[in-house]
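Note that the sequence shown covers residues 2 to 152 in my numbering. No residue lacks a Cβ here, since even glycine has one placed at the ideal position from N, Cα and C. No experiment lies behind these values; they were computed from the predicted model shown. First comes the structure, then the notes that go with it.
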Amino acid sequence: MDKKIILLVDDDFDDAEFFKWAMKGTEETFAIKFVDSGDAALRLLSELDSLPDLILLDAGMPKMNGWELLRIIKQDLKFGNVPVIMMATSNALKGIGEAHSLGAEAYIIKPSDFSELQAIMKQLCIGVQTDLKSTLESMRSNLPENIYPFS
């Protein structure tokens, strides 16, 4: 069985470690790839044999921020259909609206609580394997202040 690939794009190494820890136990089914910049993400996307099943994208990165990378990904015919979830520490309506208008599947406010992050990642893994859109909708019911899915 081929592993599902989740690409995490985040310039904060500590956040990346938390995400990796939150994915513990899913190694048989999922491979998490990590890059720390938009440029590195574009390089990796062009080098991968198969596209990721999900991209988790930090909004606030230096140089090329998450918004710019999202715009590039969604305009590229090769990567445009890969689901992207924007992540940020802010719940500013402007950021949520921008993620929606640029084609993200959802906007997630990064939780500060590790068990909450584990729950989010577990649900995202289920969604990647089944139906991401309906999984995001059900996550919205359980974590209404953290998850903003777009239809």
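Subject >> C-beta atoms of Ala23 and Leu71 nearer than 8 Å >> reply: Residue numbering aside, residue 23 sits at position 22 when the sequence shown is read from its first letter. Residue numbering aside, residue 71 sits at position 70 when the sequence shown is read from its first letter. Contact flag unset, no.
Original post:
Can you give the Cα-Cα distance for Gly61 and Glu29, rounded to whole angstroms?
Top reply: In the sequence shown, the residue the question calls residue 61 occupies position 60. In the sequence shown, the residue the question calls residue 29 occupies position 28. For Gly61 and Glu29, the distance between alpha carbons rounds to 31 Å.
Original post:
Which of the three DSSP states, helix, strand or coil, is assigned to Leu70?
Top reply: Position 69 of the sequence shown, counted from the start, is the residue given in the question as residue 70. Under the three-state reduction of DSSP output, Leu70 falls in the helix class.
Original post:
In chain order, what residues of the same chain lie with their CB nearer than 7 Å to the CB of Pro112, ignoring the 5 residues before and after it?
Top reply: Within the sequence shown, numbered from 1, the residue matching residue 112 stands at position 111. These residues qualify, in order along the chain: Leu118, Ile121, Asn147.
**OP:** Along the alpha helix (DSSP H) that carries Ala93, what are the first and last residues, could you check?
**Re:** Along the sequence shown, one-based indexing puts residue 93 at 92. Where Ala93 is concerned, there is no enclosing alpha helix (DSSP H), given that its DSSP letter is neither H nor E.
**OP:** For the beta strand (DSSP E) containing Lys5, list its first residue and its last residue.
**Re:** Your numbering for residue 5 matches position 4 in the sequence shown. DSSP places Lys5 in the uninterrupted beta strand (DSSP E) bounded by 5-10.
Subject >> Straight-line gap, Asp11 to Phe19 (C-alpha atoms, nearest Å) >> reply: The count along the sequence shown starts at 1 and reaches residue 11 at position 10. The count along the sequence shown starts at 1 and reaches residue 19 at position 18. Rounded to the nearest whole angstrom, the CA to CA distance from Asp11 to Phe19 is 11 Å.
Original post:
In terms of residues, what are the limits of the beta strand (DSSP E) holding Ala105?
Top reply: Along the sequence shown, read from residue 1 onward, the residue named residue 105 stands at position 104. For Ala105, there is no enclosing beta strand (DSSP E), as DSSP gives it neither H nor E.
Original post:
How many Å lie between Thr90 and Ile73 at the Cα?
Top reply: Against the sequence shown, residue 90 aligns to sequence position 89. Against the sequence shown, residue 73 aligns to sequence position 72. Rounded to the nearest angstrom, the two C-alpha atoms are 22 Å apart.
Original post:
From the beta carbon of Ala32, is the nearest beta carbon of chain C less than 8 Å away?
Top reply: Structure shown: chain C not included; a single protein chain is present.
Original post:
Can you tell which of Leu144, Ala93, Leu94, Ile127 has the C-alpha that lies nearest to the C-alpha of Ser116?
Top reply: By 1-based counting over the sequence shown, the position of residue 116 is 115. Closest by alpha carbon: Leu144.
Original post:
Going along the chain, which residues of its own chain have a beta-carbon closer than 7 Å to the beta-carbon of Trp68, five neighbours each way excluded?
Top reply: As a position in the sequence shown, residue 68 is number 67, starting the count at 1. Sequence-distant Cβ neighbours of Trp68 in its own chain, meaning closer than 7 Å and more than five residues away, are Ala60, Glu99, Leu103.
Original post:
To which residues of the same chain is Lys5 closer than 8 Å at the C-beta, ignoring the five residues directly before and after it?
Top reply: The count along the sequence shown starts at 1 and reaches residue 5 at position 4. Thr30, Phe31, Ala32, Asp54, Leu55, Cys126, Val129, Gln130, listed in sequence order.
Subject >> Nearest candidate by alpha-carbon position, reference Leu57, set Arg44, Pro63, Gly39 >> reply: By one-based count along the sequence shown, residue 57 stands at place 56. The residue among Arg44, Pro63, Gly39 with its C-alpha nearest the C-alpha of Leu57 is Gly39.
Original post:
For the putative contact between Pro84 and Leu133, defined by C-beta atoms under 8 Å, what is the C-beta separation to the nearest angstrom?
Top reply: For the purposes of this step, residue 84 is identified with residue 83 of the sequence shown, where counting begins at 1. For the purposes of this step, residue 133 is identified with residue 132 of the sequence shown, where counting begins at 1. Right, their Cβ atoms sit about 6 Å apart.
Original post:
Is the CB-CB distance between Gly8 and Ala17 below 8 Å?
Top reply: Taking the first residue of the sequence shown as 1, we reach residue 8 at position 7. Taking the first residue of the sequence shown as 1, we reach residue 17 at position 16. It is Leu, not Gly, that sits at residue 8 in the sequence shown. Taking 8 Å as the Cβ cut-off, Leu8 and Ala17 do not qualify as a contacting pair.
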